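To start, the structure itself, in structure tokens.
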Amino acid sequence: MADELILRAEPRTVLGKKVKQLRREGLVPGVVYGPVVRETIAVTVNRREFDRFYRDNGHSTVFSLVWEGGRQPVLIREVQSDPV
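In this text, residue positions in the sequence shown follow the numbering used here: the first is 1, and each later residue adds one.
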């Protein structure tokens, strides 16, 4: 059996336009949602870890997103990037 893919995240309280500061600090804001998630969960992921994970696994891989107080199998739905 293959090793389980895991990406670590932190819960996020900063919302809206204030996430710009998080990006400057090297964090990627994200949202976990879906039919088995009772309410939307805002998270942040380290940019370097995310870039490496996304480059190696792409967007069609199911993996476990782990954060304090939670663990959820997820699939990357969309990645937005600055066109510059």
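We treat Cβ as the ideally placed atom computed from N, Cα and C, and that holds for glycine.
For clarity, every value in this text was computed on a predicted model and none was experimentally measured.
Close Cβ partners of residue i (< 8 Å) along its chain, the five nearest in sequence each way excluded
i, result
"Thr40", "Val31, Val32, Tyr33"
"Val79", "Tyr54, His59"
Secondary structure of residue i, DSSP reduced to three states
i, result
"Glu10", "strand"
"Leu65", "strand"
"Val19", "helix"
"Arg38", "coil"
"Thr44", "strand"
Host alpha helix (DSSP H) of residue i (start-end)
i, result
"Arg48", "47–57"
Whole-number beta carbon distance between residue j and residue i, since they are thought to touch under 8 Å
i, j, result
"Leu5", "Ser64", "7 Å"
Start-to-end residues for the beta strand (DSSP E) that takes in residue i
i, result
"Leu5", "That residue, Leu5, is in no beta strand (DSSP E); it is neither H nor E in DSSP."
"Leu27", "27–32"
Any non-hydrogen atom of the ligand NAD closer than 6 Å to residue i Cβ
i, result
"Pro11", "Looking for the ligand NAD in the displayed structure turns up nothing, as the structure carries no ligands at all."
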